[in-house]
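J.:
Chains as they are written, first to last, in this note's numbering: chain A, 1219 to 1931; chain B, 1219 to 1931.
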């Protein structure tokens, strides 16, 4: 909870009598509305806008909130003073901190330290201020306070706060709390998320964010908040591709936005891409009940616009309600012969307010209808205000959402004003009413969302730790096939594999793994193994293994005299099965991000993959599989048997635990994981892990390193 | 050209003195603005709104336009009278025709016949009327005439005309001609398209359509029009799936909208999905010059909104211009230190009109900039009208588009009004300015579009005609593999195939086709050939062919005593190659529609296919291939050799000609066409054609029919 919103006394440090100065605007903003005590502070003393000014905050003593608008270099000392006298809430309006240069960044660090010392909640620096309409407090240099309402808004852009306030004033959209976050030195989006969640006047939480300070904390805060109130977030700066060099498929495909997309969907955020969507949806969420389902009825006085509206409704995933026979009969009785009583219900161009009222009542009573789009176009006899009044009266007590679209211009100005005053959601274009209805429906699902814990598997963490430490000691950052034991430690089935350096060892390994086998030469100098006879397929006896080994060791040196032959890799030959990839990269904001997709062209050409932030729970793991476009190929299509999806889910969950246990793994990929028919399991065939720190080696190089020897079957 | 728009005299047949009657509204509408002669006609005579009424139009004699608002059953006789005295242009407002019942449809047919007889251009029936603002003619029952402007609009929904007029009045958007199309008994969208194209006051053509009367004519009209003026079309009713039963992949995948999507993109239509997009884009197109490229500059007084705008610009496919060093230096000199001179150019929150003017001038001069998004947010010192004035002054002579986004509310009302008055495109949300800029760019490409003719191949049409007639005589509607000769007739390479009924014939055919071969039993009763030994692979000698034949004829009857063995099918075994599908179905609006896609899961699971209306030209055929998501698989990916795309293009063109030559083919599919490496060609392996009329057989049944014998190699 941020106590600053309930402040009963506010000091303005840097208050000014001079018009055009922010210290003047701030005093004006407070004086216009605030009923608490206002304390101007100015080193010159005197009066400011009729109030006695104090030369220093210390001269006055503690207040509930101090708003600071003095030059940046003076601010640390001032905040220190605030701390000394016990002020716990500060807003720093002034700019000149980390957004300008390193000196500013240094100043900002000082601020952070002082706030830690005194447990001060500080908003800013470099912001527009804060508002709480229910406390009549406008502690910002926006001249007007917002209308009272149910939406709270945090924004990392002051200009967007200004623009939204100006727009909302025109449209009569009301707010509860508004925070301009500025540089987020102390108070960040997570604090505001929790505050808005707890604020009893807030029913809809909205945010404009350019970055997130603490990704995991944000996910946690939003999961909690979104079950109580809808959370709408604009995350801007989404198109830039991650600039960091990456060397896995996972890294190549993941844009900088993938992690946001995944995280937002995992924590119940309604992601919006523009301010118009945000205002449209938050108005509907603030003012309407939620629908119980997605079956809408459309009431219209014209056919053409209703067809377009139907198109949009189907496209966004709503359904046109099938009206009951009873409803249709009643409508048939009460409406003119040429009216259409099939949804969309066309009440005809000459519809009166009474006809609209009869139809709206009838349709609202229909158990098949979850919500109503109430459309009006200007026809020669239309009474816009009368028809608006009908919506207003019925929306008051309706348990189903009624979203209006008065689709016209000049002749609808009066009706629009009336609807805005009475707080009935109204959209010029029916499309926007429909999309808002879909958002209401989406939130009705999100609100019921459970976030169960991820399962905990027994894992041989020591083994993994040893492998990682061993590699680090040797200066190796890339672990390949020779480290399949990492997977075994987490109970992930792997294909029988051995790396051996003598003929006897190879034969022994072959007998252990079982036939048929593939043998591959290991040599850092040989990149096209098959060109030099370095791959032997389908070895079925010890004799064949022996012969293949001798053949490689004798003949390859003739073709590649410079190559070091470090040994061979034996692997069980698999038949059948579908290749999938399970990968992970570290996202700077959210940490370990998992990827799932089908192998080969599906990942490389179609980029048909799904991301999720780890740790994932079972339903999230299932979602990753279900959401790829080609999931049908796993479910069995064209007579093919379904694949063992349960095994994939299990392995995703185990990988999720592994990358969470070992954050020193920077990138990870099982490629391919061979998935067999339902009940037959899956086997990891190859893997790569890249560790943090040191120079990253090329992950795409597939020849395994020789130094580690292991046999896994 | 529709002469009615230039009418110098208008008769209102059904003119009335009674308020609330349409005959009254129409007289009012005309009297308010029209400077030509107005002739009221009413069987009672007397005066109407001060003008002498005639008892019949015959009493008065010819006028340039007659608008009719009498009961439907009286209208045919009245139009006949109009024809008799030489009236060539009629608008029928009255409803009661084919939109109500069969009697109405009969009346409408009468109208059509009368109009043919007298060469009358008739708009309607069941419409709102027509307008020409440059002739000051409002021959509609919308009370106000539109503002003069450069947009013309045809609409199949009267309500949408009313709504758009009301909206445009509020936003000061101007029109040249407006037509409410009604039932389109005589004058349809193609006539209006041609008229708008020729009207010198029209610079942007817009249309709301629910259906198209003559698809091929529409394509032709739009190809011509879109090279002269942008054509924006809303086609509503897009979500319903085609209900007709279809039996090919092509038919299954094609929704009812696929043909519209294909046709619109082939004839230069800018398809829009909602009225807000239509108004946004048509305003920009009417008022701005076209950009020479897609590199935009963003000028802003705030960072946050500019980031969001950049996101949208990149997403829709525009580029942020790289400003020249010269520009950056000049901006650095003229702007405050903390301003950002990198695109987006941030002129800071305290920007004055002068600072905006300096920046706009500088940016417009930059050769790297093709267009400017001029963004303003309300900050405490912002002078919205002054900044609007800067845009107005510079837009006047600019050769590059300047689209404004004054993103605020109450405080921007004055600026918005000013921009609307001065006809400067302005959008509340920057997103919409960006999408409008993209549309300007798109049109700059469309305007240069060429529509070369399709190539003409030599084809043995008689052979195809014989095959089709033969089949029809036998009551067969489905042609399968036995009709591969159809492809040969059009020069399409087919895999060596023979259908034979004796062992000697089979051996002879085998020698002709060449080895290796596959042999399959032909029997209508056997659906799983391999279960009964009815498929023999990899036959490499005459002896093997002989043995295989004997084996089948001896052993299959033991397993399937009831089966008629009609013979065998021999086909060359292919290796390598990628499977693609080329299909065609008949669309009720546009005729033959081709489909292209990769075979197997690409078509069945991913539905990754592209459609085009036949006949296609070479560049359209290439586009079909290029536009599928998996086209990379044909171009050579992951070291694979590129496939012979030229062959696919050639075969698409030949199929295009074939289905155009033989419209009696209702569905057609080559599945698969095997495409080999570049230079190695492609071979049709199987095909199905379904003819019109009679009962359609199941196209998915793959056993070839026996009666026709042919050898193709």
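Backbone N, C-alpha and C define an ideal beta-carbon position, used for all residues, glycine too.
Does the beta-carbon of residue 1572/B have 16 or more other beta-carbons within 10 angstroms, so that it is buried, or is it exposed?
T.: Exposed, because fewer than 16 other Cβ atoms sit within 10 Å of the Cβ of residue 1572/B.
J.: Is the beta carbon of residue 1623/B closer than 8 Å to that of residue 1593/B?
T.: Result yes, Cβ atoms of residue 1593/B and residue 1623/B sit closer than 8 Å.
J.: Does residue 1499/A come within less than 8 Å of chain B when only Cβ atoms are used?
T.: So no, residue 1499/A is outside the interface.
J.: Could you tell me which residues DSSP pairs with residue 1423/A in its beta bridges?
T.: Answer is 1370/A, 1449/A, bridged to residue 1423/A.
J.: Taking three-plus beta-carbon pairs below 8 Å as touching, is the region 1701 to 1708 of chain B in contact with the region 1761 to 1768 of chain B?
T.: In short, these stretches do not touch, since the Cβ pair count stays below three.
J.: Could you please give the first and the last residue of the uninterrupted beta strand (DSSP E) stretch that includes residue 1884/B?
T.: That run of the beta strand (DSSP E) goes 1883 to 1893.
J.: Can you pull the chain A residues whose beta carbon is under 7 Å from the beta carbon of residue 1436/B, in chain order?
T.: Per Cβ cutoff of 7 Å: no residues; residue 1436/B is ~19 Å from chain A at best.
J.: Got a sec? Which residues, its chain only, sit under 7 Å from residue 1238/A by beta carbon, not counting five neighbours each side?
T.: Excluding residues within five positions, none has a Cβ falling inside 7 Å.
J.: Taking beta-carbon pairs under 8 Å, can you tell me which members of the region 1608 to 1628 of chain A lie near chain C?
T.: In the structure shown, chain C does not exist; the protein chains are A and B.
J.: Mark residue 1464/B as exposed unless 16 or more other C-beta atoms lie within 10 angstroms of its C-beta, in which case mark it buried.
T.: For residue 1464/B, the pLDDT reaches just 44, beneath the cut-off of 50, and the residue's location in the model is therefore unreliable, leaving the point undetermined.
J.: Which of the three DSSP states, helix, strand or coil, is assigned to residue 1757/B?
T.: Residue 1757/B: strand per DSSP, three-state reduction.
J.: Where do the ends of the alpha helix (DSSP H) carrying residue 1907/A lie?
T.: Here residue 1907/A belongs to no alpha helix (DSSP H); instead the beta strand (DSSP E) covers 1905 to 1909.
J.: Leaving out five residues on either side along the sequence, give the residues of the same chain with a beta carbon under 6 Å from the beta carbon of residue 1645/B.
T.: Cβ neighbours of residue 1645/B beyond the five flanking positions: 1623, 1651.
J.: Under 8 Å by Cβ, that's how I've got residue 1816/B and residue 1826/B pegged, so tell me the actual separation to the nearest angstrom.
T.: That belief holds up - the Cβ atoms of residue 1816/B and residue 1826/B are roughly 7 Å apart, short of 8 Å.
J.: In terms of residue numbering, what span does the alpha helix (DSSP H) encompassing residue 1377/B cover?
T.: Run containing residue 1377/B: 1376 to 1389, per the alpha helix (DSSP H) assignment.
J.: Between residue 1371/A and chain B, is there a C-beta pair that is closer than 8 Å?
T.: Judged by the 8 Å Cβ criterion, residue 1371/A is not in contact with chain B.
J.: Let me make sure I understand the geometry here. Which of 1788/A, 1787/A, 1753/A has the alpha-carbon closest to that of residue 1773/A?
T.: The shortest Cα separation from residue 1773/A among 1788/A, 1787/A, 1753/A belongs to 1753/A.
J.: Which ranges does the beta strand (DSSP E) cover as unbroken runs of at least 3 residues, wholly within the region 1584 to 1670 of chain A, from first to last along the chain?
T.: Taking only runs of at least 3 residues, the beta strand (DSSP E) segments lying wholly in the region 1584 to 1670 of chain A are 1589 to 1594, 1620 to 1624.
J.: Counting Cβ pairs closer than 8 Å, one from the region 1594 to 1608 of chain B and one from the region 1541 to 1557 of chain B, do we hit at least three?
T.: Taking 8 Å as the limit for Cβ pairs, the verdict is that the region 1541 to 1557 of chain B does not touch the region 1594 to 1608 of chain B.
J.: How many angstroms separate the CA atom of residue 1727/A from the CA atom of residue 1851/B?
T.: Distance between the alpha carbons of residue 1727/A and residue 1851/B: 39 Å.
J.: Which of the residues in the region 1841 to 1863 of chain A, read from start to end, lie with their CB under 7 Å from any CB of chain B?
T.: Going along the region 1841 to 1863 of chain A in chain order, one finds 1847, 1848, 1850, 1851, 1855, 1856 with a Cβ nearer than 7 Å to chain B.
J.: Return helix, strand or coil for residue 1791/B, following the three-state DSSP convention.
T.: Here residue 1791/B sits in coil by DSSP.
J.: Using a Cβ-Cβ cutoff of 8 Å, what residues of the region 1886 to 1900 of chain A are near chain B? List them in chain order.
T.: Within the region 1886 to 1900 of chain A, no residue has a Cβ that lies closer than 8 Å to any Cβ of chain B.
J.: For a test of the three-state rule: what should DSSP assign to residue 1219/B, helix, strand or coil?
T.: Residue 1219/B: coil per DSSP, three-state reduction.
J.: Which class does residue 1225/A belong to by DSSP, given the choice of helix, strand or coil?
T.: Coil.
J.: Mind reading off the beta-carbon distance from residue 1368/B to residue 1420/B? Whole number of angstroms is fine, and I expect it under 8 Å.
T.: Contact flag correct, Cβ pair sits at about 7 Å.
J.: Pull up the distance between the alpha-carbon of residue 1812/A and that of residue 1835/A, whole angstroms please.
T.: Taking the straight line from one Cα to the other gives about 12 Å.
J.: So, with DSSP's three-state summary, where would you put residue 1880/B?
T.: Reduced to three states, the DSSP call for residue 1880/B is coil.
J.: In chain order, what residues of the region 1584 to 1607 of chain A put their CB closer than 8 Å to some CB of chain B?
T.: If the cut-off is 8 Å between Cβ atoms, the region 1584 to 1607 of chain A has 1595, 1596, 1597, 1598, 1599 near chain B.
J.: Evaluate residue 1613/B with the Cβ neighbour count: other Cβ atoms within 10 Å of its Cβ, from every protein chain shown; 16 or more gives buried, anything less gives exposed.
T.: When all chains shown are included, residue 1613/B counts as buried.
J.: By how many angstroms is the C-alpha of residue 1240/B removed from the C-alpha of residue 1233/B?
T.: Roughly 8 Å separates the two Cα atoms.
J.: Mind pulling the alpha helix (DSSP H) runs of 4 or more residues that sit fully within the region 1305 to 1376 of chain B?
T.: Fully enclosed alpha helix (DSSP H) runs of 4 or longer: 1320 to 1336.
J.: Measure the alpha-carbon distance for residue 1251/A versus residue 1490/A and round it to whole angstroms.
T.: Each residue's Cα considered, the two are about 32 Å apart.
J.: Are the beta-carbon atoms of residue 1893/A and residue 1865/A separated by less than 8 Å?
T.: Yes, these two residues count as a Cβ contact at 8 Å.
J.: Show which residues of chain B have a CB atom less than 9 Å away from the CB atom of residue 1389/A.
T.: Result: 1627.
J.: Classify residue 1790/B: buried if its beta carbon has 16 or more other beta carbons within 10 angstroms, exposed otherwise.
T.: Classification of residue 1790/B: buried, given that the 10 Å Cβ count is 16 or more.
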